[in-house]
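As you go down the protein sequences, you meet chains G and W in turn. Quick note on the working numbering: the first sequence kicks off at 1 and runs consecutively. Quick note on the working numbering: the second sequence kicks off at 1001 and runs consecutively. Note that CB positions come from ideal geometry on N, CA and C, so glycine has one too. Remember, it's a predicted structure, so these values are computed and weren't measured experimentally.
Number of protein chains: 2
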Amino acid sequence: MKHTIIALVENEPGVLNRISSLFRRRGFNIESLTVCRTESPDYSRMTLVVDTSDTDAEQVQKQLAKIINVVDVQDVTHEPIVVRDAVLVKIKADAAARADVMTIAEIFNAKVVDVSPEELIIEAVGYESRVDAFLEMLKPKGIIEITRTGRIAMPRCGTPVRAMNNA
Amino acid sequence: MKHTIIALVENEPGVLNRISSLFRRRGFNIESLTVCRTESPDYSRMTLVVDTSDTDAEQVQKQLAKIINVVDVQDVTHEPIVVRDAVLVKIKADAAARADVMTIAEIFNAKVVDVSPEELIIEAVGYESRVDAFLEMLKPKGIIEITRTGRIAMPRCGTPVRAMNNA
Chain G
1 MKHTIIALVE NEPGVLNRIS SLFRRRGFNI ESLTVCRTES PDYSRMTLVV DTSDTDAEQV
61 QKQLAKIINV VDVQDVTHEP IVVRDAVLVK IKADAAARAD VMTIAEIFNA KVVDVSPEEL
121 IIEAVGYESR VDAFLEMLKP KGIIEITRTG RIAMPRCGTP VRAMNNA
Chain W
1001 MKHTIIALVE NEPGVLNRIS SLFRRRGFNI ESLTVCRTES PDYSRMTLVV DTSDTDAEQV
1061 QKQLAKIINV VDVQDVTHEP IVVRDAVLVK IKADAAARAD VMTIAEIFNA KVVDVSPEEL
1121 IIEAVGYESR VDAFLEMLKP KGIIEITRTG RIAMPRCGTP VRAMNNA
């Protein structure tokens, strides 16, 4: 099953390399990965999605926690979390097809962000399954290019915050 | 300056490790990184943001292109692109503070996605500078946690598509 792992890491060159080495050694393919700065300039937060068993995910979590510059690791797969995935999709849409594509976009609360005589770029944000459903609806129209952020995840309101306080 | 590099890579374990090794060797800190599947199940698309000189960025691009499983690399920093950054932010907001936070959210077209008696989670999507401005406005209210996707980028409509066709 897909495991969502959040790691808080110090902003040091080489930390991504140590983490990706671990995944390579274990032969796990990372389904998606986002790394970005956080509320503190000294730390980055990673959201990793790995398709693996519960036992293997537990091993990965333990190994990650041992890596230098990794401050905190949580497998939030079975926790109450908010998840989001953002996508930019470029699609074929001439004047005749445009209205139809825009209706689909509207249903999914997606937003047209660029247009040319033959193409549209649409931005969609939401749960991955909803983003997937949106892309599925667009497929017959002719998808030119997709760029996705991959999953970001955050424990729901009211759940205890670990992270920097423990650092 | 901040360079935005898009790389199309084959979905093979180890490719992320080879790329992060290159950045470690050169001592570059990756400002943000997203990796996710694309319109083809065989490929992932990475968006990398690296703060470096034009000369160094050109070197990085050349080195990346030489890596096995890397199909295409473009430095799109000076190209016409659409960029997006998504953020989830958890903020202190009791009943008294909630209306004020929600007004700020509305101005930035941000969306409340979770609530508890003392907290809110808000989703915002847009250009990084706008997301930054939103977070700056929220700071005095008490930010608990931030998770960002980092930048995704796509060449504007009407620009020639490289990517898979060349693979």
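Got a sec, what are the start and stop residues for the alpha helix (DSSP H) W/T1052 sits in?
-> Here W/T1052 belongs to no alpha helix (DSSP H), and DSSP marks it neither H nor E.
Taking only beta-carbon atoms, is G/N69 less than 8 Å away from chain W?
-> Chain W contact via Cβ: absent.
Helix, strand or coil: how does DSSP classify W/E1106 here?
-> Shown here, W/E1106 sits in a helix according to DSSP, grouped into three states.
Per-residue DSSP class, three states only, for W/D1085 | strand
Between G/T4, G/V101 and G/E128, which lies nearest to G/T47 when the distance is taken from Cα to Cα?
-> G/T4
Go to G/V93, then tell me how far its beta strand (DSSP E) extends in each direction, as first and last residue.
-> As written in the sequence, residue 93 of chain G is Ala, which differs from the Val given in the question. Per DSSP, G/A93 belongs to no beta strand (DSSP E) and is neither H nor E.
Where the stretch 1101–1113 of chain W meets chain G: residues whose CB sits under 8 Å from a CB there = V1113
Could you please give the first and the last residue of the uninterrupted beta strand (DSSP E) stretch that includes G/G126?
-> E119 to G126
Would you say W/I1121 and G/L16 are within 8 Å of each other, going by their C-beta atoms?
-> no
Exposed or buried, G/E136, counting other C-beta atoms within 10 Å across all chains shown (16 or more means buried)?
-> exposed
Across which residues does DSSP place G/H3 in a beta bridge pair?
-> Residue pairing by DSSP puts G/H3 in a beta bridge opposite G/V50.
Take the Cβ of G/R24 as the centre, count every other Cβ of all protein chains shown within 10 Å, and call the residue buried at 16 or more, exposed below.
-> Counting the other CB atoms within 10 Å of its CB gives G/R24 a total of 16 or more, which places it among the buried residues.
Can you list, in chain order, the residues of the stretch 1054–1085 of chain W whose Cβ is nearer than 7 Å to any Cβ on chain G?
-> V1082 and R1084
W/P1140 in three-state terms, based on DSSP = helix
Selected residue, minimal CA-CA separation from G/A96, among G/V76, G/E118, G/T34 and G/V87 | G/E118
Comparing the C-beta of G/K141 with each C-beta of chain A, is any distance below 8 Å?
-> The structure shown contains no chain A; its protein chains are G and W.
Counting pairs of beta carbons, one from the stretch 63–82 of chain G and one from the stretch 140–151 of chain G, are three or more of them closer than 8 Å?
-> Contact between the stretch 63–82 of chain G and the stretch 140–151 of chain G is absent, because fewer than three Cβ pairs lie under 8 Å.
Is W/T1038 closer than 8 Å to W/S1044 when the C-beta atoms are compared?
-> yes
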